[in-house]
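Just so we're on the same page, the working numbering is the position in the sequence shown counted from 1, plus 158.
Where is the CB? At the ideal position from N, CA and C, for every residue including glycine.
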Amino acid sequence: MLTETGATGLAAIAEDPGGAVIALDFDGTLAPIVSDPSAAWIHPAAPAALIRLAGQVARIAIITGRPPSTALALGDTPEGPDLIDVPGLLILGHYGLERWEGGETVAPPPPSGLDLVRNELPALLATLADGVKIEDKGRAVAVHTRNCADPDATLEALREPVARLAERAGLVVEPGRKVLELRGPGMDKGRALHALLAETAARSVMFVGDDLGDLAAFAAVADSGLPGVRVCSGSSEVAELTEVCDVVVDGPAGVVALLETLHKSIASRDQ
Numbered sequence: 159m160l161t162e163t164g165a166t167g168l169a170a171i172a173e174d175p176g177g178a179v180i181a182l183d184f185d186g187t188l189a190p191i192v193s194d195p196s197a198a199w200i201h202p203a204a205p206a207a208l209i210r211l212a213g214q215v216a217r218i219a220i221i222t223g224r225p226p227s228t229a230l231a232l233g234d235t236p237e238g239p240d241l242i243d244v245p246g247l248l249i250l251g252h253y254g255l256e257r258w259e260g261g262e263t264v265a266p267p268p269p270s271g272l273d274l275v276r277n278e279l280p281a282l283l284a285t286l287a288d289g290v291k292i293e294d295k296g297r298a299v300a301v302h303t304r305n306c307a308d309p310d311a312t313l314e315a316l317r318e319p320v321a322r323l324a325e326r327a328g329l330v331v332e333p334g335r336k337v338l339e340l341r342g343p344g345m346d347k348g349r350a351l352h353a354l355l356a357e358t359a360a361r362s363v364m365f366v367g368d369d370l371g372d373l374a375a376f377a378a379v380a381d382s383g384l385p386g387v388r389v390c391s392g393s394s395e396v397a398e399l400t401e402v403c404d405v406v407v408d409g410p411a412g413v414v415a416l417l418e419t420l421h422k423s424i425a426s427r428d429q
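Rendered as structure tokens:
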């Protein structure tokens with residue numbers, strides 16, 4: 159499936175790659191979703207595909223809920239280039255609050271409410287569910303239910319008490335694939351993408367994502383007024399994304415294949 163809007167966006171990128179911004183999520187998009195978030199290694203062919211595109215387009219950016227340092231660490235591959243080898247790579251971590259480029263990271267102080275969450279969340283979870291994993295991201299805390307006996311039921315049971323804790327801490331809850339993340343307010347992937355498009359004076363845009371947190375970025379593509387394409391790294395866990403995207407690909411392998419196809423399309427026009 160490719161919508162008319164998506165076809166127009168892809169054509170604009172191929173015809174004028176020097177004005178194109180290619181932005182992608184990390185987990186579920188460049189790296190497969192796994193039961194242990196610390197083992198979510200990037201698809202081995204993704205860095206090479208991004209390197210080829212980086213030589214053609216205005217900007218390659220990763221917009222993720224992860225800290226940039228974690229995305230870079232999980233961007234190592236057994237053979238071939240790593241994520242850090244992508245020329246001009248920009249990583250906007252924590253939904254855009256933390257910015258990494260050229261080896262330098264800029265970020266505001268973490269939300270003070272995280273201390274309350276770190277103190278109270280373990281006891282809260284102990285009374286409600288077994289098998290829940292807490293991931294401390296430094297500027298956010300995530301609650302994963304993927305390893306629970308019934309991940310979906312556990313997630314639903316946790317929504318209200320986790321939301322109450324987040325409210326007390328002055329934080330917001332970002333829902334996702336078998337996860338609830340408590341983080342600071344005021345930034346999302348849509349705002350981060352809007353700012354990036356303005357910064358680069360982009361003339362076209364592609365965003366690739368797989369989870370609920372990516373809906374804001376999909377909306378930013380639609381609202382930008384630029385030729386754009388919204389790509390969903392498909393899964394059965396988040397059907398909402400397929401309803402607002404222009405094309406669905408088969409997970410990280412499908413994302414890599416699309417990036418390779420776009421590279422070849424641009425290269426063929428340069429000949």
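In or out: L160 buried (at least 16 other Cβ within 10 Å) or exposed? Within the sequence shown, residue 160 is the residue found at index 2, counting from 1. Result: exposed.
Spatial neighbours of T163 within its chain, please: C-beta separation below 6 Å, excluding the five flanking residues on both sides. The residue given as residue 163 occupies position 5 in the sequence shown. Closer than 6 Å at Cβ, skipping near neighbours: D404.
Runs of 3 residues minimum, wholly inside the stretch 205-283: which ones carry the beta strand (DSSP E) assignment? 217-221, 248-251, 256-259, 262-264
For V389, count neighbouring C-beta atoms within 10 Å of its own C-beta (all shown protein chains included) and say buried if the count is 16 or more, exposed if not. Residue mapping note: residue 389 aligns to position 231 of the sequence shown, counting from 1. Classification for V389: buried.
Scan the stretch 334-362 and note each continuous beta strand (DSSP E) run of 3 residues or more that stays entirely inside, going in chain order. 337-341
In three-state terms, what does DSSP make of I191? By one-based count along the sequence shown, residue 191 stands at place 33. Residue state, collapsed to three classes: coil.
Residue from P236, A415, R335, W258 whose Cα sits closest to the Cα of W199: Working through the sequence shown from its first residue, we reach residue 199 at position 41. Selected option, being the one with the closest Cα: P236.
If you check the beta carbons only, do L255 and M345 fall under 7 Å apart? For this step, residue 255 is matched to residue 97 along the sequence shown. For this step, residue 345 is matched to residue 187 along the sequence shown. Yes, Cβ-Cβ distance for L255 and M345 is below 7 Å.
How long is the line joining the alpha carbons of A350 and A359, rounded to whole angstroms? Position 192 of the sequence shown, counting from 1, holds the residue named residue 350. Position 201 of the sequence shown, counting from 1, holds the residue named residue 359. Cα to Cα, the separation comes out at about 14 Å.
Rounded to whole angstroms, what's the CA-CA distance from K347 to Y253? Just pull it up for me. As a working mapping, residue 347 is identified with position 189 in the sequence shown. As a working mapping, residue 253 is identified with position 95 in the sequence shown. About 5 Å.
Helix, strand or coil at V320 [DSSP, three-state]: Along the sequence shown, read from residue 1 onward, the residue named residue 320 stands at position 162. In the structure shown, V320 sits in a helix (DSSP, three-state: H, G or I).
With 16 other CB atoms within 10 Å as the buried threshold, where does G233 fall? As a position in the sequence shown, residue 233 is number 75, starting the count at 1. Buried, because 16 or more other Cβ atoms sit within 10 Å of the Cβ of G233.
Given a cut-off of 7 Å, decide if V366 and L182 are closer than it, judged by their beta-carbon atoms. To locate residue 182, count along the sequence shown from 1; it is residue 24. To locate residue 366, count along the sequence shown from 1; it is residue 208. Yes, these two residues count as a Cβ contact at 7 Å.
For the beta strand (DSSP E) holding V167, just list the boundary residues, first then last. Here residue 167 corresponds to residue number 9 of the sequence shown, with the count starting at 1. It should be noted that the sequence gives Gly, not Val, for residue 167. No beta strand (DSSP E) contains G167, which is instead part of the alpha helix (DSSP H) from 162-173.
According to DSSP, V133 sits in a beta bridge with which residue or residues? Residue 133 lies beyond the range of the chain shown here (159 to 429); nothing can be said about it.
By a C-beta neighbour count over all protein chains shown, 10 Å radius and 16 as the cutoff for buried, is S270 buried or exposed? Looking up residue 270 in the sequence shown gives position 112. It counts as exposed.
What does a CB cutoff of less than 6 Å around T312 pick up in its chain, not counting 5 residues either side in sequence? Mapped onto the sequence shown, residue 312 falls at position 154. Hits under 6 Å: A287, T303, C306.
CA nearest to the CA of R427, picked from E173, G167, A165: Taking the first residue of the sequence shown as 1, we reach residue 427 at position 269. Looking at the Cα atoms, E173 is the closest of the given residues.
Rounding to the nearest angstrom, what Cα-Cα distance links A356 and A229 in this structure? By one-based count along the sequence shown, residue 356 stands at place 198. By one-based count along the sequence shown, residue 229 stands at place 71. Near 24 Å, if we compare the C-alpha coordinates of A229 and A356.
Name the one or two DSSP bridge partners that A300 has. Taking the first residue of the sequence shown as 1, we reach residue 300 at position 142. Answer is E293, E339.
Buried or exposed for K422, please, with buried defined as at least 16 other CB atoms from any protein chain shown within 10 angstroms of its CB. For this step, residue 422 is matched to residue 264 along the sequence shown. The residue is exposed, with fewer than 16 neighbouring Cβ atoms inside 10 Å.
Using C-beta distances below 6 Å, list every residue in its chain close to V215, excluding the 5 sequence neighbours before and after it, in chain order. In the sequence shown, residue 215 corresponds to position 57, counting from 1. The residues are P175, A178, I180.
Beta-carbon proximity check, I218 vs L208, cutoff 7 Å: Position 60 of the sequence shown, counted from the start, is the residue given in the question as residue 218. Position 50 of the sequence shown, counted from the start, is the residue given in the question as residue 208. The answer is yes: Cβ separation under 7 Å.
Looking at the secondary structure, which residues open and close the beta strand (DSSP E) in which V405 lies? Translated into the one-based positions of the sequence shown, residue 405 becomes position 247. Here the beta strand (DSSP E) through V405 covers 405-407.
If you follow the beta strand (DSSP E) that A378 is part of, which residue opens it and which one closes it? Working through the sequence shown from its first residue, we reach residue 378 at position 220. First-last for A378: 373-381, but that is the alpha helix (DSSP H), not the beta strand (DSSP E).
For K342, tell me which candidate among K336, P266, A415 has the shortest Cα-Cα distance. For the purposes of this step, residue 342 is identified with residue 184 of the sequence shown, where counting begins at 1. Checking the sequence, you will find Gly at residue 342 rather than Lys. Comparing Cα positions, the closest option is P266.
Between the alpha carbons of A415 and R326, how many angstroms are there, rounded? The residue you call residue 415 lines up with position 257 of the sequence shown. The residue you call residue 326 lines up with position 168 of the sequence shown. Answer to the nearest angstrom: the Cα atoms are 44 Å apart.
Burial state of D294, where buried means 16 or more other Cβ atoms lie within 10 Å: Stepping through the sequence shown from its first residue, residue 294 is reached at position 136. Classification for D294: exposed.
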